[in-house]
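Protein chains: 2
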Amino acid sequence: MKVGETHYRTVWMEDSSVFFIEQNLLPFEFRIQRSETFMQSCHAITSMQVRGAGAIGALAGFAMAQAFLESAVTQALGTRNQEPGTRNQAPGTIHRSRVTIESTRPTARNLFYAVEKVFAAGMISADTAVAEALAIADKDAEDCRKIGEYGNSLIKDGFRIETHCNAGWLAFVDYGTALSPVYHAYAEGKHVFVYADETRPRSQGARLTAWELGQQGIPHTIIPDNAGAWLMSQGKIDIMITGADRIAANGDTANKIGTFEKALAAKALGIPFYIAAPLSTVDINCSSGKDITIEERSQDEVLYAEGPDDEGIIRKIRLASPGSGALNPAFDVTPAELITGIITERGIIRARREEIFKIAG
Amino acid sequence: MKVGETHYRTVWMEDSSVFFIEQNLLPFEFRIQRSETFMQSCHAITSMQVRGAGAIGALAGFAMAQAFLESAVTQALGTRNQEPGTRNQAPGTIHRSRVTIESTRPTARNLFYAVEKVFAAGMISADTAVAEALAIADKDAEDCRKIGEYGNSLIKDGFRIETHCNAGWLAFVDYGTALSPVYHAYAEGKHVFVYADETRPRSQGARLTAWELGQQGIPHTIIPDNAGAWLMSQGKIDIMITGADRIAANGDTANKIGTFEKALAAKALGIPFYIAAPLSTVDINCSSGKDITIEERSQDEVLYAEGPDDEGIIRKIRLASPGSGALNPAFDVTPAELITGIITERGIIRARREEIFKIAG
Chain A
1 MKVGETHYRT
11 VWMEDSSVFF
21 IEQNLLPFEF
31 RIQRSETFMQ
41 SCHAITSMQV
51 RGAGAIGALA
61 GFAMAQAFLE
71 SAVTQALGTR
81 NQEPGTRNQA
91 PGTIHRSRVT
101 IESTRPTARN
111 LFYAVEKVFA
121 AGMISADTAV
131 AEALAIADKD
141 AEDCRKIGEY
151 GNSLIKDGFR
161 IETHCNAGWL
171 AFVDYGTALS
181 PVYHAYAEGK
191 HVFVYADETR
201 PRSQGARLTA
211 WELGQQGIPH
221 TIIPDNAGAW
231 LMSQGKIDIM
241 ITGADRIAAN
251 GDTANKIGTF
261 EKALAAKALG
271 IPFYIAAPLS
281 TVDINCSSGK
291 DITIEERSQD
301 EVLYAEGPDD
311 EGIIRKIRLA
321 SPGSGALNPA
331 FDVTPAELIT
341 GIITERGIIR
351 ARREEIFKIA
361 G
Chain B
362 MKVGETHYRT
372 VWMEDSSVFF
382 IEQNLLPFEF
392 RIQRSETFMQ
402 SCHAITSMQV
412 RGAGAIGALA
422 GFAMAQAFLE
432 SAVTQALGTR
442 NQEPGTRNQA
452 PGTIHRSRVT
462 IESTRPTARN
472 LFYAVEKVFA
482 AGMISADTAV
492 AEALAIADKD
502 AEDCRKIGEY
512 GNSLIKDGFR
522 IETHCNAGWL
532 AFVDYGTALS
542 PVYHAYAEGK
552 HVFVYADETR
562 PRSQGARLTA
572 WELGQQGIPH
582 TIIPDNAGAW
592 LMSQGKIDIM
602 ITGADRIAAN
612 GDTANKIGTF
622 EKALAAKALG
632 IPFYIAAPLS
642 TVDINCSSGK
652 DITIEERSQD
662 EVLYAEGPDD
672 EGIIRKIRLA
682 SPGSGALNPA
692 FDVTPAELIT
702 GIITERGIIR
712 ARREEIFKIA
722 G
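Below, the structure is given as structure tokens:
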């Protein structure tokens with residue numbers, strides 16, 4: 001999507017370097033970062049410089065490819081300066097690298113998907129691993145574009161759309177999932193209005209979704225997460241669309257904490273509730289939501305907040321009573337029966353085991 | 362309740378001065394403020410230096426009494442330095458004062474209740490107005506103590522209680538409503554644990570509820586508002602208790618934004634959901650929730666946050682994308698059918714028109 005007059009992807013690879021939009025600085029500063037090593041790329045995921053299911057998946061694929069490139073260099077050097085008994089280290093290193101990258105974020109399905117595919121390709125050569133990683137990123141962008149096409153069919157002129165967290169293009173390589181139908185509808189000339197849940201504790205809605213929508217000129221407002229059900233009950237919301245971090249084979253969906261609560265409200269108040277996600281988000285080996293591991297993040301994300309003061313200097317302030325702690329589950333699981341449908345790159349399906357197996361099995 | 366070793370009420374009157382705990386400074390600084398005039402007391406309400414249904418009600422009563430005291434002084438001066446035709450100004454002033462105090466916060470029922478009673482008492486004399494205001498504050502404290510006694514019967518040893526916003530003693534003159542049963546249970550030796558919703562956008566849960574619980578030594582943790590339904594679904598919550606700003610004759614209840622969403626989640630997940638409130642919160646002339654005016658507050662409460670940095674200096678930071686706006690409805694209405702019961706100073710009743718009329722009609 002465009003930032004100013006330039007088209008960007010959130011993450012891309014040139015030679016052995018990975019480039020990405022530093023999302024921790026957004027929306028206050030737009031900066032491209034370069035990661036030259038596997039470990040730097042892993043750090044970009046753990047530090048959430050890159051976040052969102054698709055962007056993490058693409059970056060993990062690139063990181064895995066970087067590990068093969070680094071391993072190839074080590075092997076080449078090893079062959080030249082070889083000491084007895086050291087030759088078989090590289091395969092062990094690659095396995096350790098895979099464990100490292102897979103332990104950066106436990107919930108994101110796309111990460112495991114990309115790492116698995118690039119790992120298999122890397123068994124042939126490092127170049128094959130890079131090619132596979134590039135293909136995964138391209139497919140992510142194309143899938144999101146198609147999700148926008150299908151999802152657009154749900155959006156009527158004048159619709160008010162609520163979304164949670166950021167499942168816009170910043171969460172993917174391009175276009176996004178939950179916001180892709182909105183971008184598509186807006187580009188077609190439909191009048192749309194987006195209610196963006198601020199999405200505590202990390203405020204991805206207030207920061208990233210609002211920034212994205214602002215860049216594209218789409219009318220929107222930020223709302224406290226607490227206001228969702230109330231606005232639904234007042235007839236202000238026509239449809240809710242969120243993304244997904246992992247979809248189980250039965251349709252249960254892990255997504256940002258608070259998604260479950262919105263889905264309960266939407267169900268009770270008769271608002272259509274859609275998940276938008278590429279099929280790579282489906283984990284067919286995960287039978288139901290009970291099998292999904294929920295990441296617990298640091299309590300400091302709840303207790304403190306960061307942002308610019310009126311002089312633009314980034315400050316970290318304490319929000320909560322000194323001496324009190326906090327819980328910070330990063331995701332929750334929305335049961336399939338609360339989901340009206342799943343918008344995928346191959347069409348809109350119901351969140352039912354048989355439909356999911358047919359399209360993703 | 363105690364702060365350190367001293368027992369405090371949140372708001373009290375001595376002679377013509379009103380004293381109150383400056384709640385905007387909590388939990389980072391504990392300070393008592395003195396308001397010597399009617400207008401200062403009104404400002405304490407609009408600026409939310411004093412907030413919470415009962416505390417606002419008591420302060421509004423004191424403010425109305427101050428207006429009578431000031432009017433009496435003006436009249437005494439007027440009689441001494443009288444010019445022709447000026448003698449009847451004071452009654453007009455009192456009516457204007459009533460309009461002023463009633464326009465500070467539109468949703469709080471207790472405010473209108475206290476102003477009405479003190480206004481009627483002031484028709485006799487300023488001293489009668491003061492006596493009435495003092496009686497209202499005393500009754501608020503005693504009502505909250507009784508709510509604690511009745512509510513305690515719902516809390517079993519080992520219970521995990523979720524609460525939203527702050528309906529502890531800081532929201533009333535003493536004891537509080539939603540937290541009064543918790544204080545009572547804890548004092549009796551029951552093991553209790555409180556999940557305090559942080560309650561965006563003003564963080565009264567993370568700041569005031571957590572501070573109160575910490576002062577009394579009650580085990581607790583702060584949770585993002587988004588985590589409520591998830592914790593309920595994981596069997597972590599035994600009961601939810603919140604306060605109320607206004608209860609309609611049919612049991613529909615206005616309370617802090619987000620209460621409605623929690624009540625929907627509690628209903629869907631089989632968690633008992635109680636409202637704790639003195640009967641003065643019931644507005645028998647308000648037939649249902651549809652008749653309750655919902656206050657919209659400044660978008661800046663959502664877009665910015667204030668708190669101390671690591672040197673203790675209070676900073677204001679921007680949380681949201683520059684250029685984006687926000688909606689900030691301060692309250693919502695929870696329909697009676699989602700409420701398991703209402704804990705009052707005269708017992709626990711169902712949120713049904715006939716039971717409410719019997720006890721408060």
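Chains A and B, in that order, give the protein sequences.
For the first sequence, the tail end lands on 361 under this note's numbering, and the numbers increase by one without skipping.
For the second sequence, the tail end lands on 722 under this note's numbering, and the numbers increase by one without skipping.
Backbone N, C-alpha and C define an ideal beta-carbon position, used for all residues, glycine too.
Because the structure is a prediction, the values reported are computed rather than measured.
Item: For C144 (chain A) and E510 (chain B), what's the separation of their Cα atoms in angstroms?; Value: 57 angstroms
Item: Kindly indicate which three-state DSSP category S564 (chain B) falls into: helix, strand or coil?; Value: coil
Item: Let me check one thing: in DSSP terms, what residues is R34 (chain A) bridge-paired to?; Value: A:F19
Item: If G243 (chain A) sits next to E162 (chain A), beta carbons under 8 angstroms apart, how far is it from one beta carbon to the other, in whole angstroms?; Value: Contact doesn't hold; Cβ gap of about 13 angstroms is too wide.
Item: Determine the extent of the beta strand (DSSP E) in which F193 (chain A) is found, giving its start and end residues.; Value: F193 to D197
Item: Could I get the ranges of all uninterrupted beta strand (DSSP E) runs contained in the region 273-317 of chain A, with 3 residues as the minimum, in chain order?; Value: 273-276 and 304-308
Item: Report the three-state DSSP secondary structure of E363 (chain B) (helix, strand or coil).; Value: What sits at residue 363 (chain B) in the sequence shown is Lys, not Glu. Reduced to three states, the DSSP call for K363 (chain B) is strand.
Item: Using only alpha-carbon positions, find the residue among B:K500, B:W572 and B:F473 that is nearest to N385 (chain B).; Value: B:W572
Item: Have a look at R713 (chain B) and N611 (chain B) and give me their C-alpha separation to the nearest angstrom.; Value: 6 angstroms
Item: Would you check whether the ligand MG has a heavy atom nearer than 7 angstroms to the C-beta of K651 (chain B)?; Value: Questions concerning the ligand MG fall outside what the structure shown contains, since it holds no ligand whatsoever.
Item: Tell me, please, which residues DSSP counts as bridged to T221 (chain A).; Value: A:Y195
Item: Taking 7 angstroms as the limit between beta carbons, can you name the residues of its chain near A72 (chain A), skipping five residues before and five after?; Value: A126
Item: Mind listing which residues of the region 206-224 of chain A have their C-beta closer than 9 angstroms to chain B's C-betas, in chain order?; Value: A206, R207, L208, T209, A210, W211, E212, L213, G214, H220, T221, I222, I223 and P224
Item: If you measure from the beta carbon of E366 (chain B) to each beta carbon in chain A, is any gap under 8 angstroms?; Value: no
Item: Just to confirm, is the Cβ distance from V18 (chain A) to F62 (chain A) under 8 angstroms?; Value: yes
Item: Where G176 (chain A) and I257 (chain A) are concerned, what is the direct C-alpha to C-alpha distance, given to the nearest angstrom?; Value: 19 angstroms
Item: Output, in sequence order along the chain, the residues in the region 290-307 of chain A whose CB is closer than 9 angstroms to any CB in chain B.; Value: I294, Q299, E301, V302, L303, Y304, A305, E306 and G307
Item: So A492 (chain B) contacts chain A; which residues on that side make the cut at Cβ distance below 8 angstroms?; Value: The premise fails here: A492 (chain B) is roughly 37 angstroms from chain A at the closest Cβ pair, so nothing lies under 8 angstroms.
Item: Does G446 (chain B) have its Cβ less than 8 angstroms from a Cβ in chain A?; Value: With a pLDDT of 49 at G446 (chain B), under the threshold of 50, the modelled position of that residue is not reliable, and the figure given next carries that caveat. It does not: the Cβ of G446 (chain B) has no partner Cβ on chain A nearer than 8 angstroms.
Item: DSSP state of R96 (chain A), grouped into three classes?; Value: helix
Item: Below 8 angstroms on the Cβ atoms is my contact criterion, and I expect A416 (chain B) with V479 (chain B) to pass it. Report the Cβ-Cβ distance as a whole number of Å.; Value: The Cβ separation is near 15 angstroms, so there is no contact.
Item: Run through the DSSP bridge pairs and tell me what R607 (chain B) is partnered with.; Value: B:A615
Item: What number of angstroms, rounded off, separates the C-alpha of L213 (chain A) from the C-alpha of P219 (chain A)?; Value: 7 angstroms
Item: Which residues in chain A sit within 7 angstroms of I600 (chain B), going by Cβ to Cβ distance?; Value: Chain A residues near I600 (chain B): none, gap ~18 angstroms exceeds 7 angstroms.
Item: Going by C-alpha distance, which of B:R711, B:D586, B:A481 and B:I516 is nearest A428 (chain B)?; Value: B:A481
Item: May I ask you to list, following chain order, the residues of the region 248-266 of chain A that have a beta carbon less than 7 angstroms from some beta carbon of chain B?; Value: I257, G258, F260, E261, L264 and A265
Item: How would you list, in chain order, the residues of chain B whose beta-carbon sits under 8 angstroms from the beta-carbon of W169 (chain A)?; Value: Here the premise fails: no neighbours, minimum Cβ distance about 15 angstroms.
Item: What are the boundary residues of the beta strand (DSSP E) that W591 (chain B) is part of?; Value: No beta strand (DSSP E) contains W591 (chain B), which is instead part of the alpha helix (DSSP H) from G589 to S594.
Item: Does A336 (chain A) get closer than 8 angstroms to chain B when you measure Cβ to Cβ?; Value: no
Item: For the putative contact between N166 (chain A) and G122 (chain A), defined by C-beta atoms under 8 angstroms, what is the C-beta separation to the nearest angstrom?; Value: Actually they are not in contact, since the Cβ atoms of N166 (chain A) and G122 (chain A) sit about 31 angstroms apart, beyond 8 angstroms.
Item: According to the Cβ coordinates, are I584 (chain B) and Y544 (chain B) closer than 8 angstroms?; Value: no
Item: On a Cα-Cα basis, can you pick out the residue from B:A615, B:S408, B:M362 and B:D376 that is closest to T489 (chain B)?; Value: B:D376
Item: Taking CB distances under 8 angstroms as the criterion, tell me whether G631 (chain B) reaches chain A.; Value: no
Item: Can M601 (chain B) and K628 (chain B) be called in contact, C-beta distance under 8 angstroms?; Value: no
Item: Output, in chain order, the set of chain B residues within a Cβ distance shorter than 8 angstroms of W12 (chain A).; Value: Residues of chain B passing the Cβ test: none, with the nearest at roughly 24 angstroms.
Item: Here's the rule I'm using: 16 or more other beta-carbon atoms within 10 Å means buried, otherwise exposed. How should P322 (chain A) be labelled?; Value: exposed
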